[in-house]
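Everything on this sheet refers to the single structure shown next.
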Amino acid sequence: MKIIYLNGNIRRENSRTNDLANYFLSLLKEKGSIEEINIMDDCPLPKNTSFFAENYQIEAKYYHYAKKVKDADLIVLSCPFYDMGLPSLVHAFLENISLDGLTFISTKDSFLPNIKAKKLIYITTRGDRIDDNETKDGASFYLKALGKLWGYQEVINLSYSGTDVNDVIKTNQNKNIAYQKAEMIAKKLLKEQKDGI
Ligand SMILES: Cc1cc2nc3c(=O)[nH]c(=O)nc-3n(C[C@H](O)[C@H](O)[C@H](O)COP(=O)(O)O)c2cc1C
Numbered sequence: 046m047k048i049i050y051l052n053g054n055i056r057r058e059n060s061r062t063n064d065l066a067n068y069f070l071s072l073l074k075e076k077g078s079i080e081e082i083n084i085m086d087d088c089p090l091p092k093n094t095s096f097f098a099e100n101y102q103i104e105a106k107y108y109h110y111a112k113k114v115k116d117a118d119l120i121v122l123s124c125p126f127y128d129m130g131l132p133s134l135v136h137a138f139l140e141n142i143s144l145d146g147l148t149f150i151s152t153k154d155s156f157l158p159n160i161k162a163k164k165l166i167y168i169t170t171r172g173d174r175i176d177d178n179e180t181k182d183g184a185s186f187y188l189k190a191l192g193k194l195w196g197y198q199e200v201i202n203l204s205y206s207g208t209d210v211n212d213v214i215k216t217n218q219n220k221n222i223a224y225q226k227a228e229m230i231a232k233k234l235l236k237e238q239k240d241g242i
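According to my numbering, the stretch in the sequence shown is residues 46 to 242, in order.
Below, the structure is given as structure tokens:
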């Protein structure tokens with residue numbers, strides 16, 4: 046299993062999301078190759094007016110990253126929850142690797158999905174008590190929509206919330222549940238790989 050890991054954990058080693066993602070990936074390590082793209086190291090700029098200029102050139106590294114995402118069997122995206130959604134850094138990265146001819150193909154009538162992965166694992170932690178896929182979770186909503194363009198059919202959430210509210214017991218319970226869920230998701234993915242699904 047070829048896994049592409051998009052690491053958007055802005056606080057790096059201090060990040061709780063980073064810890065959860067590392068735990069999850071450690072469970073898959075033996076059975077797959079994991080390639081990491083560190084989004085912070087390649088801070089992309091969002092598209093601006095210049096993008097529409099006649100001779101605008103997309104930086105080669107984004108073709109390169111888009112190709113890796115296109116060819117992966119599984120996409121893992123990990124980043125903190127900011128302002129009810131993805132950090133803009135992560136959003137800008139996705140925007141820069143969403144490329145016609147790679148992650149999707151435009152035709153006269155529509156856009157055709159063009160990536161191999163059927164699933165995207167979205168790993169996050171949230172400061173407030175916000176559940177996956179509730180109205181306040183703008184990130185999952187966006188990632189599901191992006192799947193319609195690129196072609197992955199499922200967004201699997203791995204998260205816990207309440208990291209910044211004053212109830213350590215409850216937050217630790219949520220955290221334990223998330224770590225158990227990481228094991229369940231990894232087990233299921235490995236079984237699917239074994240069964241050739
Ligand atoms: C700039 C910024 C924006 C944030 N926005 C939200 C938010 O909209 N909702 C929320 O529940 N938590 C929000 N948080 C809290 C983070 O989601 C929370 O601290 C998270 O656990 C950070 O993950 P990390 O430890 O991996 O950095 C925000 C934190 C920062 C720094």
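All C-beta atoms, glycine included, are put in the ideal place defined by N, C-alpha and C.
Considering just the uninterrupted stretch of the alpha helix (DSSP H) at residue i, what are its terminal residues?
{"i": "Glu140", "result": "133-142"}
{"i": "Tyr110", "result": "105-116"}
{"i": "Tyr224", "result": "213-239"}
Please list, in chain order, all residues of the same chain as residue i whose beta carbon is under 6 Å from its beta carbon, the five residues on each side excluded.
{"i": "Lys113", "result": "Ile49"}
{"i": "Asp145", "result": "Ser151"}
{"i": "Lys220", "result": "Tyr205"}
Leaving out five residues on either side along the sequence, give the residues of the same chain with a beta carbon under 8 Å from the beta carbon of residue i.
{"i": "Leu70", "result": "Ile48, Tyr50, Ile79, Val121"}
{"i": "Ala227", "result": "Leu65, Tyr68, Phe69, Leu72, Leu203"}
{"i": "Lys201", "result": "In the sequence as presented, Lys is not what sits at residue 201; that position holds Ile. Within the same chain, Ile201 has close Cβ partners Lys164, Leu165, Ile166, Tyr167, Ile230."}
By Cβ distance below 7 Å, which residues in the same chain neighbour residue i in space, the five residues on each side in sequence not counted?
{"i": "Tyr110", "result": "Ile82, Ile142"}
{"i": "Cys88", "result": "Leu134"}
I'd like the span of the beta strand (DSSP E) that includes residue i, first residue to last.
{"i": "Asn68", "result": "According to the sequence provided, residue 68 is Tyr. The question's Asn does not apply to it. No beta strand (DSSP E) contains Tyr68, which is instead part of the alpha helix (DSSP H) from 61-73."}
{"i": "Lys47", "result": "47-52"}
{"i": "Glu81", "result": "78-83"}
{"i": "Ser151", "result": "149-151"}
{"i": "Ile120", "result": "119-123"}
{"i": "Pro158", "result": "156-158"}
- Message: Quick test of the definition: if touching needs 3 or more C-beta pairs under 8 Å, does the stretch 165-176 touch the stretch 206-216?
- Response: yes
- Task: Any chance you could list the residues with Cβ under 7 Å from a heavy atom of ligand 1, keeping chain order?
- Result: Asn54, Ile55, Arg56, Asn59, Ser60, Arg61, Thr62, Asn63, Pro125, Phe126, Tyr127, Asp128, Met129, Thr170, Arg171, Gly172, Asp173, Ile175, Ser206, Thr208, Asp209
- Are the stretch 46-63 and the stretch 120-131 touching, with three or more C-beta to C-beta distances below 8 Å? yes
- Task: At 3 residues or longer, and completely inside the stretch 167-201: list those beta strand (DSSP E) runs for me, N to C.
- Result: none
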